[in-house]
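In mature numbering (1 follows the signal peptide of the UniProt record, and there is no 0), the protein residues as written are -20 to -1, 1 to 377.
Using N, Cα and C, we set each Cβ at its ideal position, and we do this for glycine too.
Below is one structure; the comments refer to it alone.
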């Protein structure tokens, strides 16, 4: 009898582990998204109790009118409880973000482990290869190094974190490199450009193709009230929020020299004006504009990506800050010894399009030369990755 009980227990344990292993591996059976040879994508979600499921994705920019407020498509349910949606073929090669709506509640795709955070929003992503899709992918080329680096800002009296990309070969050589300071938008942090912007992949691929010079890219945290990205601050875990205090009140501009001094003390870099570039998106474009005119002899290359322009564009802006005083006069000083490249990019549907048009008018009035690059769509990462790719190709030539 005792032997029977032992045998029974052994069989039960074996069956338990067998079923557990089967359950573990069977989870991979539902493939989503499935990318097909005709460049269509199939999305699947197992939700047998749901009444409605939709997919929301920026690939739908390709197929719907730009005035449509929601880029979603309904999914169809089969007899097994699996909901499916197949895109039209010939998706433009790109990096796409998406999520599901299950009975009106946003959820991630449990079959796709690739997730990005944009401020407090999580989305899955996938890449359609070819063209820009290849540029945003990890390819068989020499790879640079991405580091999270702490430095002390004496202006802000705190330790702060930045993300730094060094090109392939930096660690094993003694060459001196130019630097691109790349700034994020409102609600972002030092993680934004490296994850959502695909900075390392873009630079690795452009450099390998001979389309960009090897350079160091410094991505600081532009929120002067923060030490680091949410969850990375010593002693606490803060939830991300969009509208942080002191984001556009002159503090970032005044403290920026701390970043430059640390970089030039720590890395082998070209310390000349022609060896420095600064660019940013939205709030980061605002910072790039005002930093470059506050220190007119510091940057040989300036890039404004969907930039906020005027202090009145800032929800928490201090319009009385001396950093923003006499804007036209300071631009005249900056362009008396002009940057080698002053580059402005924006989408025709961007809510900041009018402000950028007015700013270009100001530059025209003072005779400042600049390069203008216009795309479709609006205030989205899809455009900012394009702008980085185009701008980086023109630097330090």
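Give the straight-line distance between the Cα atoms of residue i and residue j, rounded to the nearest whole angstrom.
{"i": "residue 271", "j": "residue 236", "result": "8 Å"}
{"i": "residue 140", "j": "residue 109", "result": "37 Å"}
{"i": "residue 185", "j": "residue 177", "result": "14 Å"}
{"i": "residue 259", "j": "residue 198", "result": "10 Å"}
{"i": "residue 44", "j": "residue 136", "result": "Confidence is the limiting factor: at residue 44 the pLDDT is only 39, short of 50, which leaves the residue's position unreliable, though a coordinate-based value still follows. In a straight line, the C-alpha of residue 44 is about 47 Å away from that of residue 136."}
{"i": "residue 194", "j": "residue 158", "result": "8 Å"}
{"i": "residue 436", "j": "residue 78", "result": "Look at the range of the chain in this structure, -20 to 377, and you will see that residue 436 is not part of it."}
{"i": "residue 265", "j": "residue 284", "result": "5 Å"}
{"i": "residue 370", "j": "residue 24", "result": "35 Å"}
{"i": "residue 206", "j": "residue 232", "result": "11 Å"}
{"i": "residue 221", "j": "residue 167", "result": "6 Å"}
{"i": "residue 179", "j": "residue 187", "result": "12 Å"}
{"i": "residue 449", "j": "residue 175", "result": "Not covered by the structure: residue 449. The range shown for the chain is -20 to 377."}
{"i": "residue 38", "j": "residue 277", "result": "40 Å"}
{"i": "residue 347", "j": "residue 125", "result": "40 Å"}
{"i": "residue 10", "j": "residue 308", "result": "58 Å"}
{"i": "residue 282", "j": "residue 56", "result": "48 Å"}
{"i": "residue 224", "j": "residue 164", "result": "13 Å"}
{"i": "residue 288", "j": "residue 305", "result": "16 Å"}
{"i": "residue 19", "j": "residue 74", "result": "11 Å"}
{"i": "residue 364", "j": "residue 104", "result": "18 Å"}
{"i": "residue 310", "j": "residue 275", "result": "10 Å"}
{"i": "residue 280", "j": "residue 256", "result": "6 Å"}
Give every residue of the same chain whose Cβ lies closer than 7 Å to the Cβ of residue i, excluding the five residues on either side of it in the sequence, and list them in chain order.
{"i": "residue 4", "result": "A caution first: residue 4 carries a pLDDT of 38, below 50, which makes its placement in the model unreliable, though a value can still be read off. So no residue of the chain qualifies."}
{"i": "residue 457", "result": "Since the displayed the chain opens at -20 and closes at 377, residue 457 lies outside it and no answer follows."}
{"i": "residue 29", "result": "none"}
{"i": "residue 83", "result": "30, 31, 32"}
{"i": "residue 128", "result": "141, 143"}
{"i": "residue 315", "result": "346, 348"}
{"i": "residue 121", "result": "184, 185, 188"}
Near residue i, which residues of its chain fall below 8 Å by C-beta distance, leaving aside the five closest residues on each side in sequence?
{"i": "residue 219", "result": "100, 210"}
{"i": "residue 340", "result": "324, 350, 352"}
{"i": "residue -9", "result": "Bear in mind that the predicted position of residue -9 carries a pLDDT of just 41, short of 50, making it unreliable; the figure below should be weighed with that in mind. Nothing meets the Cβ criterion."}
Assign residue i to buried or exposed, taking buried as 16 or more other Cβ atoms, counted over all protein chains shown, within 10 Å of its Cβ.
{"i": "residue 70", "result": "exposed"}
{"i": "residue 376", "result": "buried"}
{"i": "residue 76", "result": "buried"}
{"i": "residue 291", "result": "buried"}
{"i": "residue 319", "result": "buried"}
{"i": "residue 68", "result": "exposed"}
{"i": "residue 241", "result": "exposed"}
{"i": "residue 355", "result": "buried"}
{"i": "residue 171", "result": "buried"}
{"i": "residue 273", "result": "buried"}
{"i": "residue 13", "result": "buried"}
{"i": "residue 93", "result": "exposed"}
Using a Cβ-Cβ cutoff of less than 6 Å, which residues in the same chain neighbour residue i once the five nearest sequence positions on both sides are dropped?
{"i": "residue 169", "result": "201, 209"}
{"i": "residue 358", "result": "327, 329, 330"}
{"i": "residue 50", "result": "With a pLDDT of 49 at residue 50, under the threshold of 50, the predicted position of this residue should be treated as unreliable, though the coordinate-derived value follows. None."}
{"i": "residue 322", "result": "282, 350"}
With a cut-off of 8 Å, does the C-beta of residue i fall near any C-beta of chain B?
{"i": "residue 335", "result": "Of the chains in the structure shown, none is chain B; there is only one protein chain."}
Cβ of residue i within 7 Å of any heavy atom in the ligand SAM?
{"i": "residue 254", "result": "The ligand SAM is not part of this structure, which contains no ligands at all."}
**Study point:** Secondary structure, beta strand (DSSP E): runs of 3+ residues fully inside the segment 275 to 316
**Key:** Given a length threshold of 3 residues, each whole run of the beta strand (DSSP E) inside the segment 275 to 316 is given here in chain order: 281 to 285.
Exercise for review: Would you check if there are 3 or more beta carbon pairs closer than 8 Å linking the segment 209 to 219 to the segment 144 to 162?
Suggested key: No contact exists between the segment 209 to 219 and the segment 144 to 162.
Check your understanding: Using 8 Å as the Cβ pair cut-off and three pairs as the minimum, do the segment 111 to 122 and the segment 88 to 101 touch?
Key -> Contact fails between the segment 111 to 122 and the segment 88 to 101, because fewer than three Cβ pairs, one in each stretch, are under 8 Å apart.
**Study point:** beta strand (DSSP E) segments (min. 3 residues) lying fully within the segment 64 to 98
**Key:** Correct list: 74 to 82, 85 to 87, 95 to 98.
Practice item. May I have a chain-ordered list of the beta strand (DSSP E) segments no shorter than 3 residues that lie completely inside the segment 154 to 212? Key: The qualifying runs are 159 to 163, 196 to 200.
Check your understanding: At what residue ranges does the segment 214 to 274 contain a whole run of the beta strand (DSSP E), taking only runs of 3 or more?
Key -> Within the segment 214 to 274, the complete beta strand (DSSP E) runs of at least 3 residues are 256 to 261.
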